[in-house]
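Participant:
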């Protein structure tokens, strides 16, 4: 179990490999063409295939549960998908404990790509202590 | 055409999902999460859970079976080509384990019409075979006009 107190921070990084959206489509059942068909992605103004937001949020959940050490401790997670994640992007995740009360710690997270653009905003989580 | 707000509160038929360790493995690897809780039977057997468990966000796998009927609902007439996932909220309760049978229900929790886009939120509540809540997910989608 990580040491969890107010102000504690943790970081992680995930590379979005070329086939990640295909793997995720198969595992999740989400075959929306914006995730698997580059031509369709361009046609609807997304510049090609974009990664499923929920896959990127899965990376965030992993960062938290890796840090905590027990997946069952994650109790809340939310975000706004602010900017598309493209294949070959690198996602940087930074979390900070911003509140501790009632046996839980609230965590605020920043999720940015390799250019510093926030791909998810208002990212918050709660873990059980 | 804007999504009619009178569909706020509309419910969809419940869906049952049988959780298995092979699907958990597939999902965990798809989100690049090789945690032993999800993949290693011997390790998992010695945890407080006693068996393979699913990553918290595995709930999207059974949640997807509730979202699909909303997307294909002819009352709503959603333009899927212009639809993107806008926001997501999860509350996690009991851990999902290998062998669980999950029952999920969904309803439209909100619709907002704006000048250049519509927003629709779908709440999915899932329980295990013991009747315990395992996850509540609110999926919010944006449809550009």
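Residue numbers (this note's numbering), protein chains in the order written: chain S, 1 to 129; chain H, 1 to 145. Cβ atoms here follow ideal geometry from the backbone N, Cα and C, with glycine treated the same way. Keep in mind the model is a prediction, meaning the values are calculated, not measured.
#1: Using a Cβ-Cβ cut-off of less than 7 Å, list which residues of the stretch 56-74 of chain H approach chain A; keep chain order.
#2: What whole-angstrom Cβ distance do residue 27 of chain H and residue 66 of chain H have, given they're in contact under 8 Å?
#3: Can you list, in chain order, the residues of the stretch 89-110 of chain H whose Cβ is nearer than 9 Å to any Cβ on chain S?
#4: May I have the straight-line CA-CA distance separating residue 91 of chain H from residue 63 of chain H, to the nearest angstrom?
#5: What first and last residue would you give for the beta strand (DSSP E) that runs through residue 97 of chain H?
#6: Going by DSSP, what residue range makes up the beta strand (DSSP E) through residue 53 of chain H?
#7: Just list the residues that DSSP pairs residue 119 of chain H with in beta bridges.
#8: From this set, S:83, S:72, S:54, which residue's C-alpha is nearest residue 48 of chain H's C-alpha?
#9: Going by beta carbon distance, what residues of the same chain come within less than 6 Å of residue 95 of chain S, once the five residues before and after it are set aside?
#10: DSSP beta-bridge partners for residue 11 of chain H?
#11: Can you pull the chain S residues whose beta carbon is under 8 Å from the beta carbon of residue 18 of chain H, in chain order?
#12: Anything in the stretch 92-124 of chain S with a Cβ closer than 7 Å to a Cβ of chain H? List those residues in chain order, please.
#13: Can you pull the DSSP bridge partners for residue 16 of chain H?
#14: Closer than 7 Å by beta-carbon distance: list the chain H residues that pair up with residue 11 of chain S, in chain order.
#15: Taking the alpha carbon of residue 144 of chain H as the point to measure from, which residue in H:86, H:35, H:130 has its own alpha carbon closest?
#16: Against chain H, does residue 88 of chain S count as a neighbour if the rule is that its beta carbon must be under 9 Å from one of theirs?
#17: At a CB distance below 9 Å, what residues from the stretch 14-39 of chain H approach chain S? Give them in sequence order.
#18: With distances taken from CA atoms, which of H:124, H:93, H:113 is nearest residue 130 of chain H?
#19: Using the Cα positions of residue 60 of chain H and residue 1 of chain H, report the straight-line distance between them to the nearest angstrom.
#20: Under a CB-based cut-off of 9 Å, is residue 2 of chain H close to chain S?
#21: Look at the alpha carbon of residue 132 of chain H and the alpha carbon of residue 108 of chain H, and state the distance between them as a whole number of angstroms.
#22: The alpha helix (DSSP H) with residue 106 of chain S in it runs from where to where?
#23: Comparing C-alpha positions only, which one of H:31, H:103, H:54, H:29 sits nearest to residue 37 of chain H?
#24: Among H:134, H:122, H:142, H:136, which residue has its Cα nearest to the Cα of residue 68 of chain H?
#25: Whole beta strand (DSSP E) runs in the stretch 33-69 of chain S with 3 or more residues, listed along the chain?
#26: Does residue 49 of chain S get closer than 9 Å to chain H when you measure Cβ to Cβ?
#27: Roughly how many whole angstroms lie between the Cα atoms of residue 41 of chain S and residue 50 of chain S?
#28: Determine the contact status of residue 95 of chain H and residue 134 of chain H, defining contact as a CB-CB distance below 9 Å.
Facilitator: With the given structure in hand:
#1: No chain A appears in the structure shown, which is made up of the protein chains S and H.
#2: Here the question's residue 27 of chain H lines up with position 27 in the second chain. Here the question's residue 66 of chain H lines up with position 66 in the second chain. That pair is no contact at about 17 Å.
#3: Hits within the stretch, in order: 89, 90, 91, 92, 93, 94, 95.
#4: Position 91 of the second chain, counted from the start, is the residue given in the question as residue 91 of chain H. Position 63 of the second chain, counted from the start, is the residue given in the question as residue 63 of chain H. If you draw a straight line from the Cα of residue 91 of chain H to the Cα of residue 63 of chain H, it is about 13 Å long.
#5: Along the second chain, one-based indexing puts residue 97 of chain H at 97. Element bounds for residue 97 of chain H: n/a, residue is neither H nor E.
#6: The residue you call residue 53 of chain H lines up with position 53 of the second chain. Under the DSSP assignment, residue 53 of chain H falls outside any beta strand (DSSP E); it carries neither an H nor an E label.
#7: Within the second chain, the letter at position 119 stands for residue 119 of chain H. H:112, H:142.
#8: Counting from one through the second chain, the residue named residue 48 of chain H turns up at place 48. Out of S:83, S:72, S:54, S:72 has the C-alpha closest to the C-alpha of residue 48 of chain H.
#9: As a working mapping, residue 95 of chain S is identified with position 95 in the first chain. By the criterion of a C-beta distance shorter than 6 Å, residue 95 of chain S is surrounded in its chain by 10, 107, 109, once the five residues flanking it on both sides are discounted.
#10: For this step, residue 11 of chain H is matched to residue 11 along the second chain. Answer by DSSP bridge pairing, in chain order: H:107.
#11: Working through the second chain from its first residue, we reach residue 18 of chain H at position 18. Within chain S, no residue comes near residue 18 of chain H; the closest Cβ sits about 15 Å away, beyond 8 Å.
#12: If the cut-off is 7 Å between Cβ atoms, the stretch 92-124 of chain S has nothing near chain H.
#13: Here residue 16 of chain H refers to the residue found at position 16 when the second chain is read from its first residue. In the DSSP assignment, the residues bridged to residue 16 of chain H are H:103.
#14: Residue 11 of chain S sits at position 11 when you count from the first residue of the first chain. Going along chain H, no residue has its Cβ under 7 Å from residue 11 of chain S, so there is no contact; the nearest lies around 16 Å.
#15: Along the second chain, read from residue 1 onward, the residue named residue 144 of chain H stands at position 144. H:86 is the residue among H:86, H:35, H:130 whose C-alpha sits nearest the C-alpha of residue 144 of chain H.
#16: What you label residue 88 of chain S is simply residue 88 of the first chain in a count that begins at 1. Judged by the 9 Å Cβ criterion, residue 88 of chain S is not in contact with chain H.
#17: Among the residues of the stretch 14-39 of chain H, those with a Cβ less than 9 Å away from any Cβ of chain S are 23, 26, 27, 28, 29, 30, 31, 32, 33, 35, 37, 38, in the order of the chain.
#18: In the second chain, residue 130 of chain H corresponds to position 130, counting from 1. Of all alpha-carbon atoms in H:124, H:93, H:113, the one lying nearest the alpha-carbon of residue 130 of chain H is that of H:93.
#19: Here residue 60 of chain H is taken as the residue at index 60 of the second chain, counted from 1. Here residue 1 of chain H is taken as the residue at index 1 of the second chain, counted from 1. Distance between the alpha carbons of residue 60 of chain H and residue 1 of chain H: 29 Å.
#20: Within the second chain, the letter at position 2 stands for residue 2 of chain H. No, because no Cβ of chain S sits closer than 9 Å to the Cβ of residue 2 of chain H.
#21: On the second chain, position 132 is the one that residue 132 of chain H refers to. On the second chain, position 108 is the one that residue 108 of chain H refers to. Rounded to whole angstroms, residue 132 of chain H to residue 108 of chain H spans 22 Å at the Cα level.
#22: Start at 1 with the first residue of the first chain, and residue 106 of chain S comes out as number 106. First-last for residue 106 of chain S: 104-112, but that is the beta strand (DSSP E), not the alpha helix (DSSP H).
#23: Counting from 1 along the second chain, the entry for residue 37 of chain H is found at position 37. For the residues H:31, H:103, H:54, H:29, the minimum Cα distance to residue 37 of chain H belongs to H:54.
#24: As a first step, residue 68 of chain H is located in the second chain; it is residue number 68 there, counting from the start. When only C-alpha atoms are compared, the closest one is H:122.
#25: None, since the stretch 33-69 of chain S contains no complete beta strand (DSSP E) of that length.
#26: Within the first chain, residue 49 of chain S is the residue found at index 49, counting from 1. Answer no: the Cβ-Cβ gap between residue 49 of chain S and chain H never drops below 9 Å.
#27: Residue 41 of chain S sits at position 41 when you count from the first residue of the first chain. Residue 50 of chain S sits at position 50 when you count from the first residue of the first chain. Each residue's alpha carbon lies about 7 Å from the other.
#28: On the second chain, position 95 is the one that residue 95 of chain H refers to. On the second chain, position 134 is the one that residue 134 of chain H refers to. In contact: residue 95 of chain H and residue 134 of chain H (Cβ atoms closer than 9 Å).
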